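**Q** Everything in the sequence shown is counted per this note's numbering, starting at 155 for the first residue and increasing by one.
Yeah, the Cβ is synthetic: ideal placement off N, Cα and C, and Gly gets one too.
Quick caveat: nothing in here was measured; it's all calculated off a predicted structure.
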Amino acid sequence: LGTLRYVPPDGEDIKKGQIWMVEFKAFQTPGVDLNYFRDSRKHFEIDEWIDLLVSSCQFNPDVHRLSQKLLLLSRIIPLVEPRVNLTELAPKGTGKSFVFDNISRYAAVIPGGKLSAPALFFNSNTKQIGLIPRYDVVVIDEIQKIHTDASGEAMAALKMYLESGRYRRATGDLGTAESGFVILGNITLGINRLPLYESDGIFKELPTALQESAFIDRIHGLIEGWFMPRVSRNTPSKTLGFKGDFFSEVLHELRVDLKYADYVSQSLHLPQSEDMRDNKAISRLAEGFLKLLFPDLNLTEDEFVSYCVNPAVRMRQQIRDELSKIDQEYKWITIKSQIPDEFQLSHPDERPDPEEEAKKVDPLSPERTPEEKTMDIVEGQRGISYEKLFLPYLRGAKSIKICDPYIRLQYQIYNLMNFCEILEPMENTLSLDLVTGCDAYQEVELKGKLDDLKTGLSRDHIEFNYIFDQNLHDRWIETDTGWRIILGRGLDIFQKPDDKFTLGFLDQRKRKCKATMITYTRV
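The following block contains the structure:
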């Protein structure tokens, strides 16, 4: 802590304004008393302690459910447990890398770029040690922007390290390290707020080099970041937590305490798990949760299973499920603890059929029964189309009215054409009326385009009419069957494609959406 004072120029000794530090007090914690930290745990109930840890990570515990709090704490397991390898896949804006950037000086974050063996382990040219031997955890952020060398040297060295904790120096002998390894990636969510490619493998959105099953199997657990809310103004902590440098040192010191490993080896039982990597992964993850939640080792068997083992099983189960989707050598299994929770009991005994699973989880099937509801579409979401959004509410209508003040530009007229393509005119003519806005300089050109559309639609028994209303603001669709669809952004819900060769240029379901809200109501 210090006090700064501005000293203005005096024309003599001080010719330019200067900033002077007139007072300084050391603020960095010189060391931590780990026994005091452990002993303090007894003064908190488990929910109070979890909230304290979440607040110490600078997140507000009041806006997160218990399951989300445990997801937040699972992010820092590599800081408290040696050689834990994790991946978190989530939409943008969920704070994946925040905790590594802000609470520990023992974490190194690589924001994209080239992944090379010299940078990670040892540079024989500069004789400098790489990141993994120097830090408690190395975090690869924005994994979609990572590229590796064509020779595969980096991935080979990384797989060797993730498996054994060893790496090869330039001299040929082997070095060892205790660093964890974390990869963070953005994924696309479907309309059900689950990963769009969940049925056939969510790792398909990662770079090709990271989709190899041998690499994924070395990742101990998957953090389901799609269940985390976007960071908002209510996300930062508003309550007391441990001071950042103190908390960082506590996590660092707990890494070398072996009594937690002894407790886990004696208390962890996975009756149906025979795979060595599964057992090792769950053991390390459970030990990490144990150090965080019960540092004093004062807990019951039920607490150990509920708060340490079952969350660890779920994280590893996600990895096993993804492996079975991309590599037939990995059979579909269900990992269960000695006290299975709801997730384990509901996990299917056989791999679900991808096509049936896609049907089951799609709440926007065009064949669904229409109902009154409000739906949020998040920024960047895929899997949306006019057919999915509107067709169930338009089916059977003889008259449809669209109010949208921005059907003016060429792409907006294409949006209207896309809407018309989902209509199902009966033997009798379907009436489609448009109310939109138009500036004076656009009127002649816009009338020409809408008249051409009118002519084209008439061939398919759609009677199209339009009027201009300069005072129009609201956006909605109304049918003579009694439905009104209130459109937050009108028909303009899709982001602009990068170019005409981008996926989604033709198929709306592959386009990224703009954030908006759609409300379906009876009139």
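1) Can you give me the Cβ contacts of residue 270 inside the same chain, cut-off strictly under 7 Å, excluding the 5 residues immediately before and after it?
2) Restricting to Cα atoms, I'd like to know which of 174, 186 and 426 is closest to residue 397.
3) DSSP state of residue 619, grouped into three classes?
4) Please return the same chain residues whose Cβ sits closer than 6 Å to the Cβ of residue 319, not counting the five positions on each side in sequence.
5) Spell out the partners DSSP gives residue 242 in its beta bridges.
6) Can you check whether the CB of residue 155 is closer than 9 Å to the CB of residue 250?
7) Look at the alpha carbon of residue 225 and the alpha carbon of residue 311, and state the distance between them as a whole number of angstroms.
8) Taking the Cβ atom as the reference point for each residue, do residue 334 and residue 464 lie within a distance shorter than 9 Å?
9) Under a three-way DSSP split, which group does residue 667 fall into?
10) What three-state label does DSSP hand residue 661 in the structure shown?
11) State the beta-bridge partners of residue 495 as determined by DSSP.
12) What is the DSSP secondary structure of residue 231, reduced to helix, strand or coil?
13) Taking three-plus beta-carbon pairs below 8 Å as touching, is the segment 614 to 634 in contact with the segment 547 to 557?
14) Is residue 233 closer than 9 Å to residue 264 when the C-beta atoms are compared?
15) Which value, in whole angstroms, describes the spacing of the CA atoms of residue 491 and residue 293?
16) According to DSSP, is residue 421 helix, strand or coil?
17) Just the C-alpha distance for residue 300 and residue 207, rounded to the nearest angstrom, thanks.
18) DSSP puts residue 583 in a beta bridge; with which residues?
19) Can you tell me which of the three DSSP states residue 132 falls into?
20) Answer with yes or no whether the minimum CB distance from residue 321 to chain B is below 9 Å.
21) By Cβ distance below 8 Å, which residues in the same chain neighbour residue 653 in space, the five residues on each side in sequence not counted?
22) Just the Cα atoms here: how many angstroms apart are residue 515 and residue 347?
23) Between 447, 374, 393 and 461, which has its C-alpha nearest residue 431's C-alpha?
24) Please check the pair residue 570 and residue 616, which I expect to be a contact at CB under 8 Å, by giving their CB distance rounded to whole angstroms.
25) Among 361, 218 and 620, whose alpha-carbon lies nearest the alpha-carbon of residue 268?
26) Where does residue 469 land, buried or exposed, given buried means 16+ other C-beta within 10 angstroms?
27) Which same chain residues, not among the five before or five after residue 664, have their C-beta less than 7 Å away from its C-beta?
28) Who pairs with residue 172 in a beta bridge, going by DSSP?
29) Excluding five sequence neighbours on each side, which residues of the same chain lie with their C-beta closer than 8 Å to the C-beta of residue 488?
30) Between the segment 582 to 598 and the segment 553 to 572, can you find at least three pairs of beta-carbon atoms closer than 8 Å?
31) Express the C-alpha separation of residue 675 and residue 525 in angstroms, rounding to a whole number.
**A** Let me spell this out:
1) Same-chain partners within the cutoff: 303 and 308.
2) Distance check between residue 397 and each of 174, 186 and 426 places 186 closest, using alpha-carbon atoms only.
3) If DSSP states are grouped into helix, strand and coil, residue 619 belongs with the strands.
4) Beyond the five residues adjoining it in sequence on each side, residue 319 comes within less than 6 Å, by CB distance, of 237 and 330 in the same chain, given in chain order.
5) For residue 242, DSSP records a beta bridge to 338 and 377.
6) Here residue 250 is not near residue 155, since their CB atoms are 9 Å or more apart.
7) The alpha-carbon atoms of residue 225 and residue 311 are separated by roughly 29 Å.
8) It is not a contact, given that the beta carbons lie outside the stated cut-off.
9) Collapsing the DSSP output to three states places residue 667 in a strand.
10) Coil, per DSSP.
11) According to DSSP, residue 495 bridges with nothing at all.
12) In the structure shown, residue 231 adopts helical secondary structure according to DSSP, grouped into three states.
13) Judged by pairs of C-beta atoms under 8 Å, the segment 614 to 634 touches the segment 547 to 557, as three or more such pairs exist.
14) Taking 9 Å as the Cβ cut-off, residue 264 and residue 233 do not qualify as a contacting pair.
15) Approximately 29 Å between the Cα atoms of the pair.
16) In the three-state reduction of the DSSP assignment, residue 421 falls in the helix class.
17) Each residue's Cα considered, the two are about 31 Å apart.
18) Answer is none; residue 583 lacks a bridge partner.
19) There is simply no residue 132 to check, as the chain begins at 155 and stops at 677 in what is shown.
20) Looking for chain B here will not work: only one protein chain is present.
21) A distance below 8 Å between beta-carbons, with the five flanking residues on each side excluded, links residue 653 to the following residues of its chain, in chain order: 659.
22) Confidence is the limiting factor: at residue 515 the pLDDT is only 48, short of 50, which leaves the residue's position unreliable and the question unanswerable from this model.
23) When only C-alpha atoms are compared, the closest one is 374.
24) Cβ-Cβ separation between residue 570 and residue 616: approximately 12 Å, too far for a contact (criterion under 8 Å).
25) It is 361.
26) Per the 10 Å Cβ criterion, buried.
27) So the list reads 536, 657 and 658, once near-sequence residues are dropped.
28) Answer by DSSP bridge pairing, in chain order: 161.
29) Excluding positions up to five away in sequence, the list reads 426, 471, 498, 501, 502 and 503.
30) Flag = yes, the segment 553 to 572 and the segment 582 to 598 touch.
31) Residue 525 and residue 675: Cα-Cα distance of roughly 8 Å.
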